[in-house]
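Asker: In the working numbering, the protein residues as written are -18 to 214.
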Amino acid sequence: MGLFVDKYPDVAYEEKLRLWEEVKADERFPSYLYGCYECGICVAACPSARFYDFSPRKIAQAAAREDIELIYEQMNDDVWNCSQCFSCNRCPRQNSPGGLITILREVAVNNGLKSAQQALEGYSRIVYKIMGTGTQVSPDMLQPDAFPDWGPDVKRVSDELDLWRRALPPETLHTTKTGWHVSEQTLIELYLIWYNTGVMDMIANVDEGLNLILSDVMEEMLEEAGYDMDEYY
Ligand code: SF4
Ligand code: SF4
-18 MGLFVDKYPD VAYEEKLRLW EEVKADERFP SYLYGCYECG ICVAACPSAR
32 FYDFSPRKIA QAAAREDIEL IYEQMNDDVW NCSQCFSCNR CPRQNSPGGL
82 ITILREVAVN NGLKSAQQAL EGYSRIVYKI MGTGTQVSPD MLQPDAFPDW
132 GPDVKRVSDE LDLWRRALPP ETLHTTKTGW HVSEQTLIEL YLIWYNTGVM
182 DMIANVDEGL NLILSDVMEE MLEEAGYDMD EYY
């Protein structure tokens, strides 16, 4: 039994255990968790911990303790607050709470958990934007401290953000074109990666309609580039 009140008593312990075994079976898992000092460095580095009731330390600790009920709760709730910036990788124990969260999310999506569908409902537009254009970075998202791992250019641009705001029409601040240009060749490579690694199947698990819309866009571009889409089904 875990130390916390079980928020999902209707789900059988065996099912929660099955999902946890799936997480542990992921080949990335051993390199994401080595134990936890409880030092809190990951929390200090985590932008999501500033805005949500969320802690990468709790994710690492629950995994290290194999607290099945808490892990199931985190898989349904907490993991969707992570922005996957991997600032927590500065863990002195070499853990990657963000990496653990990647696996937890993938298991939640691959198993069609209702919470995964609900969590991703509001992101259809973003997913569509990322997969249609290869990016979702728009100038108004750039802030010097929020994502330190994005490198020095973000600080340079964000230092002048007031100037950018006055210089650019407001609508372009929300678009990706002024934030980051992705070439057609890069998009094609991304599409091939997404088909080959099962990303499209994951999207179908949580949003079949979005999968159909995206498939139309992606298949058209891939076929124009000479790829035979029959090989991908
Ligand atoms: S990857 Fe997630 S848990 Fe890690 S620092 Fe970023 S938002 Fe926080
Ligand atoms: S930084 Fe690493 S060791 Fe410290 S609390 Fe976070 S996961 Fe645990």
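Glycine included, each C-beta is placed from N, C-alpha and C at the ideal position.
These numbers were taken from a predicted model, which means no experiment stands behind them.
1) Looking at the structure shown, is ALA206 part of a helix, part of a strand, or coil, going by DSSP?
2) Using the Cβ count rule (16 or more neighbours within 10 Å means buried), how would you classify TYR(-6)?
3) Should the region 50 to 65 be called in touch with the region 18 to 37, which here means at least 3 C-beta pairs below 8 Å?
4) How would you call GLY16, buried or exposed, if buried means at least 16 neighbouring beta carbons within 10 angstroms?
5) Look up SER29 in the DSSP assignment and say whether it is helix, strand or coil.
6) Which full runs of the alpha helix (DSSP H) of 4+ residues lie inside the region 14 to 82, going along the chain?
7) Determine the extent of the alpha helix (DSSP H) in which GLY113 is found, giving its start and end residues.
8) Just to confirm my understanding: we take VAL225, look at its own chain, exclude 5 residues before and 5 after, and list those with CB closer than 7 Å. What are they?
9) Any heavy atom of ligand 1 closer than 6 Å to the beta-carbon of GLN65?
10) Can you tell me which of ALA45, PRO28, GLU189 puts its alpha carbon nearest to the alpha carbon of PHE67?
11) Could you say if the region 88 to 104 and the region 70 to 78 meet the contact criterion of at least three C-beta pairs nearer than 8 Å?
12) Using 7 Å as the threshold, is the C-beta distance between MET210 and GLU200 below it?
13) For ILE52, which residues of its own chain have a beta-carbon under 7 Å away from its beta-carbon, when the five flanking residues on both sides are left out?
14) Just the Cα atoms here: how many angstroms apart are ILE184 and THR114?
15) Is there at least one non-hydrogen atom of ligand 1 closer than 6 Å to the beta-carbon of PRO37?
16) What number of angstroms, rounded off, separates the C-alpha of MET(-18) from the C-alpha of ILE49?
17) If I follow the unbroken alpha helix (DSSP H) through THR187, where does it start and stop?
18) Quick one: is the Cβ of TYR13 within less than 6 Å of any heavy atom of ligand 2?
19) If I measure Cβ to Cβ from ASN76 and keep anything under 7 Å in the same chain, skipping five residues before and after, which residues do I get?
20) At a cut-off of 6 Å, is ASN76 close to ligand 2 when judged by its beta-carbon and the heavy atoms of the ligand?
21) Would the beta-carbon of SER68 be found less than 6 Å away from any heavy atom of ligand 3?
22) Inspect the beta-carbon positions of GLU54 and LYS(-12) and report whether they are closer than 7 Å.
23) Looking at ligand 2, does it come within less than 6 Å of ALA45, judged from the CB to the closest heavy atom?
24) Which residue marks the beginning of the alpha helix (DSSP H) containing TYR(-11), and which one marks its end?
Answerer: The relevant details are as follows:
1) coil
2) exposed
3) yes
4) exposed
5) helix
6) 22 to 26, 28 to 32, 37 to 46, 49 to 57
7) 105 to 114
8) An answer regarding residue 225 cannot be provided, because it is not within the stretch -18 to 214 covered by the chain.
9) yes
10) PRO28
11) no
12) yes
13) TRP1, ALA43, ALA44
14) 17 Å
15) yes
16) With a pLDDT of only 47 at MET(-18), under the threshold of 50, the placement of this residue in the model should not be trusted, and no figure is reported.
17) It is worth fixing the name first, because residue 187 is Val in this sequence and not Thr. Run containing VAL187: 180 to 187, per the alpha helix (DSSP H) assignment.
18) no
19) TYR13, LEU14, TYR15, CYS17, ALA41
20) yes
21) Here the bound small molecules are ligand 1 and ligand 2; ligand 3 is not part of this structure.
22) yes
23) no
24) TYR(-11) -> no alpha helix (DSSP H), and no H or E assigned at all.
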